[in-house]
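Note sheet for the following structure.
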Amino acid sequence: MPDAGLLLAWYDRHRRSLPWRGPPGANRRPDPYRVWLSEVMLQQTTVATVGPRYSRFLARFPDVAALAAADWPAVAEEWAGLGYYARARNLHAGARSLAAQGFPDDVAGLRAIPGIGAYTAAAIAAIAFDAPVVPLDGNVERVVARLARVEAPLPAARKALDALAQGFMVQPAARARPGDFAQALFDLGATLCTPRNPACTLCPWLGGCAAQAAGVQAALPRKAPKPQRPIRHGTHFLLTDGAGRLLVRRRPETGLLGGMLEIPGTPWRAEPWPAAEALSHAPLPGLPFQALEGEARHGFTHFELRLQLLLAAPAEGDALPAGSGLAWMAAAEARAAMPTAMRRLLALWPGV
DNA sequence: AACCCGTGGAG
DNA sequence: TCTCCAAGGGT
């Protein structure tokens, strides 16, 4: 493995300025809560997306105590649109547990917090507590696979890549600055050692890269092919009152879009719903529904969703079924608290 | 091990 | 339009 000092020297000149990073050369350890929040928010989510959302979340929930004291609807609203909502549920539950226990400062303790896996535990330990570990994320996998010219495809190659990555920590330069070394690897992977067209001529490790020497850098790391996504259909029911409010429902705590607000509708299945069949799932019986033009499309990780929308305006005073979880909410407020799939559905409605 | 779990941007 | 992918984790 090449010289860790070369990468750190490059990082000191080219590091990205990001909201969750302190000023260059800061000797003060960052707040573990902020590192935790940023790492969770960055899971499978781009830096560009996270930037403003991280700042907004932190302004609303500035520390563990504030997040622990919040109720779930407030946290869900703050996370709406970011995806992978289990992250928010775990963050919230974790804050409530940490508010009493304090923040663990090693990998094993961090790993026990829900939503913190091998990567995030290593990242927090390295960045917030100077633990001599290398967090293996997609960037580090790519960088290491190229340096060592690992031809085996992911995810099977992950263990080998992790062993190679941890090997950097035998170097005193890396051990002296574990948090900076981890973030240097992230920045290298994000700005130079990119998935396509890596900028090898600018790389501080140009001389030590086996893939570049062989001319195969752009083809690594190899990945197992992904299964194709099936299509699912649903029909939802937009009920409006005379005061600009919508009938909304909170989804079950676990599973897809768990704990988030939704427009009530049918289950999502492979076959489209004939209107007559869909109506048996309407939240209020016997209403005259009008079909809205068009279809909302939304791609999830493992299936493609196509939704139709039926519109009705219940008579004032129509009672909501007891125990249904249905509630009236102002349209703008509801939209802001909903996941993207539901926002797309609402966009079919000219009312907002 | 193989699935499940969101979203937006780049190419 | 379509594929790929991003500071992954849980089951």
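The first sequence begins at 1 in full-length UniProt numbering and counts up one residue at a time.
Where is the CB? At the ideal position from N, CA and C, for every residue including glycine.
Please read all numbers here as calculations on a predicted model, not as lab measurements.
Segment limits, alpha helix (DSSP H) that includes residue i
| i | result |
| --- | --- |
| glutamate 277 | 275-278 |
Neighbour-count burial assignment, residue i, 16 or more Cβ in a 10 Å radius
| i | result |
| --- | --- |
| isoleucine 231 | exposed |
| leucine 266 | Contrary to the premise, residue 266 reads as threonine rather than leucine in this sequence. The residue is buried, with at least 16 neighbouring Cβ atoms inside 10 Å. |
| arginine 28 | exposed |
| alanine 157 | buried |
| aspartate 71 | exposed |
| arginine 142 | buried |
| glutamate 293 | exposed |
| glycine 234 | buried |
| glutamate 39 | buried |
| threonine 120 | buried |
| glutamine 44 | exposed |
| leucine 202 | exposed |
| valine 107 | buried |
| glutamine 183 | buried |
| glutamate 277 | exposed |
| glutamate 78 | buried |
| alanine 122 | buried |
| glycine 115 | buried |
| valine 170 | exposed |
| alanine 319 | exposed |
| proline 264 | buried |
| alanine 211 | buried |
| proline 155 | exposed |
| alanine 145 | buried |
Residue i and residue j closer than 8 Å at C-beta
| i | j | result |
| --- | --- | --- |
| isoleucine 124 | valine 35 | yes |
| threonine 254 | glycine 81 | no |
| arginine 56 | methionine 41 | no |
| leucine 257 | tyrosine 85 | yes |
| valine 150 | proline 73 | no |
| leucine 58 | leucine 91 | no |
| leucine 7 | leucine 188 | yes |
| leucine 246 | alanine 334 | yes |
| alanine 76 | alanine 332 | no |
| arginine 89 | glycine 259 | yes |
| phenylalanine 181 | phenylalanine 237 | no |
| valine 248 | leucine 185 | no |
| arginine 229 | glutamate 304 | yes |
| alanine 4 | alanine 173 | yes |
| asparagine 197 | alanine 219 | no |
| alanine 95 | valine 47 | no |
| alanine 275 | alanine 296 | no |
| alanine 224 | proline 153 | yes |
| alanine 330 | glycine 244 | yes |
| residue 421 | alanine 99 | This structure leaves residue 421 out entirely; the chain is present only between 1 and 352. |
| proline 314 | leucine 261 | no |
Enclosing beta strand (DSSP E) for residue i [first to last residue]
| i | result |
| --- | --- |
| leucine 239 | 231-239 |
| leucine 8 | Taken as a continuous stretch (DSSP letters only), leucine 8 belongs to no beta strand (DSSP E), being part of the alpha helix (DSSP H) at 4-14. |
| leucine 348 | No beta strand (DSSP E) holds leucine 348; DSSP gives it neither H nor E. |
| leucine 247 | 245-250 |
### Query
How about the region 305-312 and the region 273-287: do they share at least three Cβ pairs that are nearer than 8 Å?
yes
### Query
Which residue spans inside the UniProt domain "HhH-GPD" (41-191) form an unbroken alpha helix (DSSP H) run of at least 4?
47-60, 64-69, 72-79, 86-101, 107-111, 118-129, 138-147, 158-166, 172-176, 178-191
### Task
Could you tell me whether the region 177-189 touches the region 1-18, using the rule of 3 or more Cβ pairs below 8 Å?
yes
#### Entry: Every unbroken alpha helix (DSSP H) inside the region 263-335 [4 residues or more]
275-278
### Query
Can you list the alpha helix (DSSP H) stretches of 4 or more residues lying completely in the region 202-230, in chain order?
210-214
### Task
Decide if the region 164-171 is in contact with the region 131-138; the criterion is three or more beta carbon pairs, one per stretch, under 8 Å apart.
yes
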